[in-house]
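Protein sequence lines correspond, in order, to chains B and V.
The first sequence runs 11 to 122 under our numbering.
The second sequence runs 256 to 370 under our numbering.
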Amino acid sequence: NAGVTQTPKFQVLKTGQSMTLQCAQDMNHEYMSWYRQDPGMGLRLIHYSVGAGITDQGEVPNGYNVSRSTTEDFPLRLLSAAPSQTSVYFCASRTGTGAEQYFGPGTRLTVT
Amino acid sequence: DAKTTQPTSMDCAEGRAANLPCNHSTISGNEYVYWYRQIHSQGPQYIIHGLKNNETNEMASLIITEDRKSSTLILPHATLRDTAVYYCIVRPPRGYGGATNKLIFGTGTLLAVQP
């Protein structure tokens, strides 16, 4: 198993541009989540999904959209990038009753 | 979700036990204590979790006080590779439903293992 994979690893955007961060898992996990981590801080939940076709907001959802058309993929869309969205983004997944969340390696995003 | 309080940083000598404390005085009766760690620039890694009994796995031991208001993560023989930020998290039990999917991360404890 590849586990949780994220692309790209690094991205630089200009203010106002849009882009999609990709996340995929090959473990057949129902739950998937997106977190962001700002320098010196813990992770904050952006959006999550409990299964294909079902998504919900986390702590900091503004400026981000998600969809879950398949069990494997959970892309995160930035609609109009802002400097405040400069961060490291982590995707995670787990089974419905699993205790452990598996995290991807992260995407480092800079918005200028 | 219950809040947790952890020291900002700790040092430990290589080969010695590292004891990382966590206070969670407002924990509810059905909430679990989870520990994750994050090695620099990597995604967080699950370590261990427990409800009220002490737990041990190949990575660490978790000691939860009888009143469940605090816990200690023990790395029995710390190595340089254990240098990381350790997060103590309290969350509802596993299962379906939005609340159980959330891991609310604080700022954690930076453990520096010294040679």
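Positions of the beta carbon are idealized from the N, C-alpha and C atoms, including for glycine.
Pull the bridge partners of residue i from the DSSP assignment, please.
i         : result
GLY61(B)  : ILE64(B)
ASN11(B)  : None, per the DSSP bridge assignment.
GLN16(B)  : CYS33(B)
ILE329(V) : ASN274(V), SER316(V)
ASP197(V) : Limits of chain V in this structure are 256 at one end and 370 at the other, which puts residue 197(V) out of reach.
So with CB distances below 9 Å, who are the chain V contacts of residue i?
i         : result
PHE113(B) : TYR291, GLN293, GLN297, GLY298, PRO299, GLN300, TYR301
Name the chain B residues that come within less than 7 Å of residue i, Cβ to Cβ?
i         : result
HIS279(V) : None at all; the shortest Cβ gap to chain B is about 15 Å.
TYR342(V) : GLY52
Here's the rule: buried if 16 or more other CB atoms are within 10 angstroms of the residue's CB, otherwise exposed. What is residue i?
i         : result
GLY352(V) : Its pLDDT being 49, under 50, GLY352(V) is placed unreliably in this model, and the value from its coordinates should be taken loosely. Exposed, by the Cβ-count rule.
ASP266(V) : exposed
PHE360(V) : buried
ASP322(V) : exposed
PRO18(B)  : exposed
LEU10(B)  : The displayed coordinates of chain B run from 11 to 122. Any statement about residue 10(B) would go beyond what the structure contains.
PRO370(V) : exposed
ASP36(B)  : exposed
LEU366(V) : buried
For residue i, go through chain V and note every residue whose CB falls closer than 7 Å to its CB, in chain order.
i         : result
MET51(B)  : THR362
GLU110(B) : TYR301
Measuring alpha carbon to alpha carbon, tell me which of the options ends up nearest residue i.
i         : options                         : result
GLY13(B)  : MET42(B), SER97(B), ALA92(B)    : MET42(B)
ALA91(B)  : GLN16(B), PHE20(B), LYS24(B)    : LYS24(B)
LEU119(B) : THR17(B), THR15(B), GLN21(B)    : GLN21(B)
ALA109(B) : GLU286(V), LEU366(V), THR364(V) : GLU286(V)
ALA272(V) : SER316(V), ARG346(V), SER280(V) : SER316(V)
What does residue i reach in chain B if we use C-beta pairs closer than 9 Å?
i         : result
LEU358(V) : SER43, TYR45, LEU53, LEU55, ALA102, GLN111
HIS304(V) : ALA109, GLU110
Worksheet entry | Chain-ordered residues of the segment 92-103 of chain B with a beta carbon less than 7 Å from chain V | Within the segment 92-103 of chain B, contact with chain V at the beta-carbon level (separation under 7 Å) is assigned to PHE100.
Worksheet item: Listed in chain order, which residues of the segment 58-69 of chain B have Cβ atoms closer than 7 Å to some Cβ of chain V?
Response: From the segment 58-69 of chain B, only TYR58, VAL60, ASP66, GLY68 have a Cβ closer than 7 Å to chain V.
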